[in-house]
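Structure first, commentary second.
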Amino acid sequence: MRANKSYLRAQTDWCNQDQDPKCQRCEKELETMLHIVKCPALERARTNINPKALDIAPESPLWKSNKNGMELMRRLSSYVMENRINYPTRMEVFPFTPYAGLAS
Ligand SMILES: [Zn+2]
């Protein structure tokens, strides 16, 4: 997250520079880390999450190396994994090349 390296569409790299950087879930804003913690399409998924776990500002307790920071980071990580954020939403997108595509 902090290095701006991810599969988020607005964090472009050599392998995805031609793709649409908009969020595929809401199609309203650029898919950045800041957006995914407030994306309207994920509002329901955030219902029972401590808002501090979704506060990614530099001064947030989320980044602290203490028990509270670790718990907030665990919750943010769960949110990302449960909602498949940071993963391609379609199969057959780099690096998930279909097995058949590897045979040549
Ligand atoms: Zn969105």
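For the sequence shown, the numbering used here gives the first residue as 1, with consecutive numbering after it. For each residue, glycine too, the CB sits at the ideal point set by N, CA and C.
Cβ-based burial, residue i [other Cβ within 10 Å; buried from 16]
{"i": "residue 15", "result": "exposed"}
{"i": "residue 44", "result": "exposed"}
{"i": "residue 10", "result": "buried"}
{"i": "residue 103", "result": "Caution is warranted here: a pLDDT of 45 is assigned to residue 103, below 50, making its placement in the model unreliable, and no coordinate value can be reported."}
{"i": "residue 12", "result": "exposed"}
heavy atom of ligand 1 below 7 Å from residue i C-beta
{"i": "residue 41", "result": "yes"}
{"i": "residue 28", "result": "yes"}
{"i": "residue 25", "result": "yes"}
Supposed contact pair residue j and residue i - C-beta distance, whole angstroms, cut 8 Å
{"i": "residue 36", "j": "residue 30", "result": "Between residue 30 and residue 36 the Cβ distance is about 10 Å, and since that is not below 8 Å, they are no contact."}
{"i": "residue 34", "j": "residue 52", "result": "With 8 Å as the limit, residue 34 and residue 52 do not qualify as a contact, their Cβ atoms being about 15 Å apart."}
{"i": "residue 54", "j": "residue 32", "result": "In fact, because the Cβ distance is near 14 Å, the residues do not count as touching under 8 Å."}
{"i": "residue 79", "j": "residue 56", "result": "Contact flag wrong, Cβ pair sits at about 11 Å."}
{"i": "residue 61", "j": "residue 69", "result": "6 Å"}
Beta-bridge partners of residue i, as assigned by DSSP
{"i": "residue 30", "result": "22"}
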